[in-house]
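Q: One structure, as C-alpha cells, below. Some questions next.
If you want it as C-alpha cells, here you go:
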C-alpha cells in the first residue's frame, strides 16, 4: 500500500489523527445506515411477498368468475360488455423519500359506484362479482408495483452503501493509520537523532573542558 508523502511534524500528526477520528465516525454512521437499510429491506421483502400472494389469489378468483360469466354470454354481448368502462379511476403519482431512497407512490381515487348501460343491466351475476373483485384487485396491483420497485431501489442503495463502508474500512482507515504510524516513526527517529546530537555536543564540550584543565 503506497503511503501519501506528508511532512513529518507534530502538527501534521495531530491533523491526521483528527482526520482518522472523522473517518471512523463516518464509517460507524454509514454502517448504521447500512444495517437500517437492510432491516427495512427485509420488511419490504416480506410485504412484497404477501402482496404478490394476495394479488395472485385475487386475480385467480376474478378470472374464474369472469370465465363462468363468459359462458353465459354470446360473443356480441361479451364484446359490448368488455368495451364499457364500469367505474372511474383517477391516478396521480408523487415521490416519497426514506433513508435517502426516493421511490414512486401511486395515489388512486376510486369512484366505487358501478354504472351499467341499460343493455347490460341483466348481465350474469358472475360479472357483478368480477367487477367487485376488480375494484379490490387494482389497488393491490399498484401497491405490489410500488413495493417491488422500492425493494429494487433499496437493494441498489444497500450495495452502494456497502461499497462505501468497505472502501472506508479496508482502504481509507488502514491508509490513515499507516500514515500516522509512519509519521510517529519518523518523529521518533528525529528525536533520537536530536538526542544523539545533543549527547555528542555535550561529550565534545566535556572533552574540551577536560583538555583545557590539563594544560
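Residue numbers (our numbering): 12 to 226.
Ideal Cβ placement from N, Cα and C applies to all residues, glycine included.
1) Measure the alpha-carbon distance for residue 129 versus residue 138 and round it to whole angstroms.
2) Would the beta-carbon of residue 152 fall within 7 angstroms of that of residue 66?
3) DSSP state of residue 34, grouped into three classes?
4) What three-state label does DSSP hand residue 153 in the structure shown?
5) Under DSSP, the beta strand (DSSP E) around residue 100 begins and ends at which residues?
6) Using DSSP bridges, identify the partner residues of residue 113.
7) Hey, out of 141, 56 and 113, whose CA is closest to residue 92's CA?
8) How is residue 129 classed by DSSP in three states: helix, strand or coil?
9) Pick helix, strand or coil for residue 119, following the three-state DSSP scheme.
10) With H, G and I counted as helix, E and B as strand and the rest as coil, what does DSSP make of residue 135?
11) Between the Cα of residue 28 and those of 191, 112 and 220, spot the shortest distance and give me the residue it belongs to.
12) I need the straight-line Cα distance from residue 209 to residue 38, nearest angstrom please.
13) From 122, 59, 172 and 72, pick the residue whose C-alpha is nearest to that of residue 111; which is it?
14) Using only alpha-carbon positions, find the residue among 222, 199 and 168 that is nearest to residue 41.
15) Measure the alpha-carbon distance for residue 144 versus residue 104 and round it to whole angstroms.
16) Taking the alpha carbon of residue 18 as the point to measure from, which residue in 165, 61, 113 and 197 has its own alpha carbon closest?
17) According to DSSP, simplified to helix, strand and coil, what is residue 29?
18) According to DSSP, is residue 18 part of a helix, a strand, or is it coil?
19) So residue 35 and residue 194 are in contact, right, with Cβ under 8 angstroms, and what is the actual spacing, rounded?
20) For a quick check, are the C-beta atoms of residue 11 and residue 102 less than 7 angstroms apart?
21) Could you give the distance in angstroms between the alpha-carbon of residue 154 and the alpha-carbon of residue 48?
22) I want to know whether the stretch 56-71 touches the stretch 205-220 - three or more CB-CB distances under 8 angstroms.
23) Can you tell me whether DSSP reads residue 94 as helix, strand or coil?
A: This is what the structure gives:
1) Low confidence applies here, because residue 129 scores a pLDDT of 45, under 50, leaving its location unreliable; read the following figure in that light. In this structure, the straight-line span from the alpha carbon of residue 129 to that of residue 138 is close to 15 angstroms.
2) Taking 7 angstroms as the Cβ cut-off, residue 152 and residue 66 qualify as a contacting pair.
3) Helix at residue 34.
4) Collapsing the DSSP output to three states places residue 153 in a helix.
5) Bounds of the beta strand (DSSP E) holding residue 100 are 99-109.
6) The partner list for residue 113 (beta bridge, DSSP) reads 108.
7) With distances taken between Cα atoms, residue 92 lies closest to 141.
8) Confidence at residue 129 is low in this model, with a pLDDT of 45, below 50, so the placement of that residue should be treated as unreliable; the coordinate-derived value is given next. Under the three-state reduction of DSSP, residue 129 is assigned to helix.
9) Under the three-state reduction of DSSP, residue 119 is assigned to strand.
10) The DSSP-derived three-state label of residue 135 is coil.
11) The residue with the shortest Cα to Cα distance from residue 28 is 191.
12) Residue 209 and residue 38 have their C-alpha atoms spaced approximately 44 angstroms apart.
13) Minimum Cα distance to residue 111 is reached at 172.
14) Checking every option, the nearest Cα to that of residue 41 belongs to 168.
15) Looking at the two C-alpha atoms, the distance is approximately 24 angstroms.
16) Considering only 165, 61, 113 and 197, the residue with the shortest C-alpha distance to residue 18 is 197.
17) Judged by DSSP in its simplified three-state form, residue 29 adopts helix.
18) Collapsing the DSSP output to three states places residue 18 in coil.
19) Residue 35 to residue 194, Cβ: 18 angstroms. No contact.
20) Residue 11 falls outside the range modelled here, since the chain spans only 12 to 226, and no answer is possible.
21) Approximately 20 angstroms between the Cα atoms of the pair.
22) Flag = no, the stretch 56-71 and the stretch 205-220 do not touch.
23) In the displayed model, residue 94 falls within coil according to three-state DSSP, outside both helix and strand.
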